[in-house]
Amino acid sequence: MSLTMPAPDPQLALGLDHPLRVLDLDGSRLPSDVLDPHLTDVDETALTNLYVDMVRVRRLDTEAFALTRQGHLVLWPPLLGQEAAQVGPARALRQSDWVFGSYREHGFALLKGVDLAEFARVWKAYAHGGWDPHEITMAPAQIIIGAQSLHATGFAMASKMDESDDVALACFGDGATSEGDVNEALVWASAFQAPVVFLCQNNQYAISEPVRVQSGTPLALRPTGFGIPSMRVDGNDVLAMHAAARIAFERARSGGGPTFIEAVTYRRGPHTTTDDPKRYRDEAEVEAWTAKDPIERVERALAAMGANMDAVREEARIRADELAKELRHAAEHAEPPTVDSIFDHVYAQPTKRLERQRAEHRAFTASIEGNR
Amino acid sequence: MTETLTLAKAVNAALADSLEGDDRVLLMGEDIGQLGGVFRVTDGLQARFGTQRVIDAPLAESAIIGTAIGMGYRGFRVVAEIQFDGFIYPAFDQIVAQVAKLRYRSKGRASVPLTIRVPYGGAIGSVEHHSESPEAYFAHTAGLRVVTASTPQEAYSTLRAAIASDDPVLFFEPKGKYYMKGEVDRTVVRDLETASIVAQGRDVTIAAYGPTVETAMRAAIAAADEGIEVEVIDLRAISPLDVDTVVDSVRRTGRLVVAHEAPGEGSVSSELITSVVERAFSSLEAAPARVTGYDTPYPPSAVEHDYLPSLDRLLDAVDRTLGRRSSRDGLVLEGAR
Ligand SMILES: Cc1ncc(C[n+]2csc(CCOP(=O)(O)OP(=O)(O)O)c2C)c(N)n1
Ligand SMILES: [Mg+2]
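Structure below.
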């Protein structure tokens with residue numbers, strides 16, 4: 001056995017100097033040796049579809065934010081600014097591929113086909129889970145930072161054991177890269193060459209902590225130490241994100257193992273509706289990132305391609321309005337959970353102990369009502 | 001001299017006074033610096049004591065506790081914050097297998113005076129993992145002290161004692177009471193193992209801790225309207241438990257109700273009632289009762305008030321121990337034992 005290990009391949013991490021990008025801020029198309037071969041079929045229609053998706057995702061987000069402010073939802077973690085980082089990869093997935101995300105993955109949930117009525121219930125504190133994981137092939141939203149990265153890795157290992165070419169996508173934030181779970185997931189994915197893609201949306205903050213608290217190197221450099229190829233991508237460029245995800249999924253499907261994608265982006269809103277970002281960052285920084293808006297960039301690109309922008313915008317607006325209306329209706333008319341439901345779904349079969357507690361609580365409730 | 005403080009501000013004052021009084025004290029936690037913590041409990045401390053003593057930790061709970069242990073070897077007294085109850089589990093090994101056992105494994109030659117602050121408990125209308133009461137996991141582990149507070153004064157005095165203690169201490173802060181106001185005397189320092197009798201009465205003893213003490217006090221007032229005298233004990237310490245104070249009280253009242261937010265199975269009430277039955281069986285005039293969270297995961301907060309010990313559930317339990325009419329009269333539990 002050789003005592004020397006191969007030196008890490010510098011090509012293992014792409015985009016360290018400049019994040020990979022194919023759409024410039026002004027919407028012009030930049031050449032990319034890495035990404036272009038994976039975008040040959042993306043024509044005006046395909047880009048229009050990505051645009052409409054992003055507008056819908058943004059509308060879902062802003063409507064939910066407003067619903068929270070109006071008291072119809074209790075909490076909302078906004079994704080404003082991160083639309084491209086989610087829509088690009090989401091549209092590179094097959095329906096049988098699974099997503100294991102955090103709590104900010106509303107774009108993935110929407111494009112995976114979540115039922116908005118169920119989705120709204122979570123952020124109304126009516127339910128813990130907002131969809132059927134098996135139906136939309138997306139694990140429940142994860143609040144415990146990083147935990148889902150191991151689930152994605154295990155899913156991918158199982159997919160490989162089953163000789164399936166389904167892949168798993170693990171989504172987490174920049175802060176999550178500090179958790180043991182995420183680092184252990186990288187070890188396992190590498191050791192088992194699992195068909196898993198790690199998508200780190202580096203939105204520059206973990207609540208109040210800037211990414212430099214977590215890392216002294218670009219996050220995309222980290223996975224190379226685990227032997228995992230990685231790409232640092234402009235997370236506000238939907239085409240670059242789409243192409244990078246295609247590369248990663250294709251590699252996973254064809255037995256090439258895991259890939260790490262760092263989407264360099266920015267959380268323009270607060271961490272959640274209870275956060276006050278003025279305490280830890282300057283408005284100027286937010287404005288600088290607003291100028292890199294992922295949606296406006298695609299509008300410019302479509303216009304440059306000669307698209308009828310009035311028609312495109314109108315279509316996007318109509319579809320976004322429909323979505324907002326549906327969400328508002330869901331949030332305003334959600335049926336509250338019954339008290340009895342506290343005792344449901346704890347085990348596969350009801351236990352005697354819990355059935356006794358259910359009966360005691362029913363009797364207690366009845367006695368209170370009787371006294372009124 | 002006293003001042004009126006919220007419970008959150010009382011914690012802040014205890015941290016500030018500990019930092020001021022001992023330059024080996026330092027704070028570590030997620031978002032505790034510039035932001036001042038998600039509840040603003042550490043507000044202003046980084047500005048006052050610097051980034052070397054009030055440290056914004058990378059997002060890794062196991063590392064917060066693990067590195068605090070390493071610092072403890074060099075004589076630092078770290079006060080670590082776990083942002084919410086439900087986020088303590090990644091640090092479980094460092095707490096229960098590492099810091100808890102250090103003194104024992106080194107035959108007393110090494111130990112770490114770590115304090116772990118944990119905002120805990122429910123009734124804040126939040127989402128999953130933000131309202132839990134995990135204290136029993138830690139009470140079960142030898143070598144850890146586990147304490148709570150029910151008022152601003154208690155929060156101040158108990159946290160000062162926790163930081164000064166040479167044992168590792170988990171300090172569970174009732175986050176639902178962060179805005180509770182009270183008089184605080186900053187010269188009062190409490191110990192970490194005695195319960196307090198906070199209302200005296202001859203008929204029934206209610207033992208509670210943390211956020212549930214206030215509910216117990218309200219129960220005592222409501223019961224007094226019906227001529228029932230309730231003695232309320234604020235347990236303060238969950239581990240080790242001050243069984244003596246409760247046994248003494250039960251010898252006088254003959255009746256015991258124990259209340260907490262955590263699920264009942266394998267809980268502080270399981271331990272306390274067992275100890276009282278062992279030691280004061282002949283004084284008991286009725287089966288002890290408990291009012292706890294149910295043995296389910298913490299439910300969606302839309303229904304949390306049915307899950308949590310409420311005033312009415314406490315009064316119902318008091319009635320039960322007195323043999324008065326209660327909700328369980330005539331309750332038929334088919335197949336349920
Ligand atoms: C284990 C754990 N620790 C702490 C928290 C509290 N918390 C919620 S979100 C968050 C920051 C996460 O930052 P990042 O991974 O960058 O994701 P982002 O919120 O920016 O999308 C923290 C510390 C948590 N949910 N889980
Ligand atoms: Mg982040």
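Just so you know, the protein sequences line up as chains V and L, in that order. Going by UniProt numbering, the first sequence runs without a break in its numbering and finishes at 372. Going by UniProt numbering, the second sequence runs without a break in its numbering and finishes at 337. Cβ atoms here follow ideal geometry from the backbone N, Cα and C, with glycine treated the same way.
- Near Glu315/V, what residues of its chain come up, given a Cβ to Cβ distance below 7 Å and the 5 sequence neighbours on each side ignored? Val52
Exercise for review: Closer than 6 Å by C-beta to Asp166/V: which residues in its own chain qualify, once you throw out the five before and the five after it? Chain order, please.
Suggested key: Ser96, Asp97, Ser159
Inset, instruction - Spatial neighbours of Ala289/L within its chain, please: CB distance less than 6 Å, with the 5 preceding and 5 following residues excluded, ordered by chain position. - result: Val257, Ala317, Arg320, Thr321
Glu355/V to Gln349/V, Cα distance in whole Å? 10 Å
For ligand 2, I want to know if Arg267/V counts as a neighbour, meaning its beta carbon is within less than 7 Å of at least one of the ligand's heavy atoms.
yes
- Is Leu59/L near ligand 1, with its Cβ less than 7 Å from a heavy atom? yes
Less than 8 Å between C-beta atoms, sequence neighbours within five positions excluded: which residues of the same chain meet that for Arg337/L?
Interpretation of Arg337/L is limited by its pLDDT of 45, a score under 50 that renders its predicted location unreliable; the figure taken from the coordinates is listed afterwards. No residues qualify anywhere along the chain.
Would you check if the stretch 202-219 of chain L and the stretch 150-162 of chain L touch, i.e. whether three or more CB-CB distances between them fall below 8 Å?
-> yes
Can you look up Ala336/L in the DSSP assignment and give me helix, strand or coil? Reliability fails at Ala336/L, whose pLDDT of 46 lies under 50, so the model's placement of it is uncertain and the value that follows must be treated cautiously. When DSSP states are grouped into helix, strand and coil, Ala336/L belongs to the coil group.
Exercise for review: Keeping to the same chain, check which residues put their C-beta closer than 7 Å to that of Tyr35/L; ignore five residues upstream and five downstream.
Suggested key: Reading off the sequence, residue 35/L comes out as Leu, not Tyr. Nothing meets the Cβ criterion.
Exposed unless 16 or more other CB atoms sit within 10 angstroms - verdict on Gly255/V: It counts as exposed.
Original post:
Is it the case that the CB of Asn12/L approaches a heavy atom of ligand 1 more closely than 7 Å?
Top reply: no
request  = Say whether chain V places a C-beta atom closer than 8 Å to the C-beta of Gly125/L.
outcome  = yes
Checklist entry - In terms of residues, what are the limits of the alpha helix (DSSP H) holding Met54/V? => result 44-69
query: Out of Ala64/V, Ile143/V, Val213/V, which has the shortest C-alpha to C-alpha gap to Lys124/V?
result: Ala64/V
Problem set entry | Positions along the stretch 279-304 of chain L whose CB lies within less than 8 Å of some CB in chain V | Tyr294, Asp295, Thr296, Pro297, Pro299, Pro300, Ser301, Ala302, Val303
Neighbour list for Asp56/L in chain V, Cβ cutoff strictly below 9 Å: In chain order: Ser208, Glu209, Val213.
- Query: How many angstroms separate the CA atom of Glu326/V from the CA atom of Leu116/V?
  - Reply: 7 Å
Starting from the Cα of Leu110/V, find the closest Cα among Trp131/V, Ala127/V, Tyr126/V and give me that residue. Trp131/V
- Message: Relative to the C-alpha of Ile318/V, which candidate in Leu30/V, Gly306/V, Arg59/V, Asp36/V has its C-alpha closest?
- Response: Of the listed residues, the one whose Cα sits closest to Ile318/V is Arg59/V.
**Prompt:** Nearest CA to the CA of Ala237/L: which residue from Asp191/L, Gly254/L, Gly266/L?
**Reply:** Asp191/L
(request) With ligand 2 as the reference, list in chain order each residue whose Cβ lies under 6 Å from any of its heavy atoms. (result) Listed by chain position, these are Gly173/V, Asp174/V, Gly175/V, Asn203/V, Tyr205/V, Ala206/V.
At the level of alpha carbons, what is the spacing between Thr274/V and Gln83/L? 15 Å
Taking Cβ-Cβ distances shorter than 7 Å, what residues in chain V pair up with Ala60/L? Ser178, Glu179, Gly180
Among the residues of its own chain, which have a CB less than 6 Å from the CB of Asp17/L, if the five just before and after it don't count? Residues of the same chain with a CB within less than 6 Å of the CB of Asp17/L, apart from the 5 flanking positions on each side, do not exist.
Worksheet item: Below 8 Å between beta carbons: does that hold for Arg232/V and Leu20/V?
Response: yes
| said: Determine whether the beta carbon atoms of Ala13/L and Leu5/L lie at a separation below 8 Å. | reply: yes
**Request:** Give the residues from the stretch 62-95 of chain L that approach chain V closer than 8 Å (Cβ to any Cβ), ordered along the chain.
**Result:** From the stretch 62-95 of chain L, only Ser62, Ala63, Gly86, Phe87, Tyr89, Pro90 have a Cβ closer than 8 Å to chain V.
* To do: Using a Cβ-Cβ cut-off of 8 Å, state whether Leu331/L counts as contacting chain V.
  => yes
message = Does the contact criterion of 3 or more C-beta pairs under 8 Å hold for the stretch 122-136 of chain L versus the stretch 257-272 of chain L?
response = yes
#### Entry: At least three beta-carbon pairs within less than 8 Å, the stretch 97-115 of chain L to the stretch 47-57 of chain L
no
Could you tell me if His242/V is buried or exposed, where buried requires 16 or more neighbouring beta carbons within 10 angstroms of its beta carbon?
buried
Ligand 1 heavy atom lying under 7 Å from the CB of Phe108/V
no
Fill in: Enclosing alpha helix (DSSP H) for Leu314/L [first to last residue]
311-321
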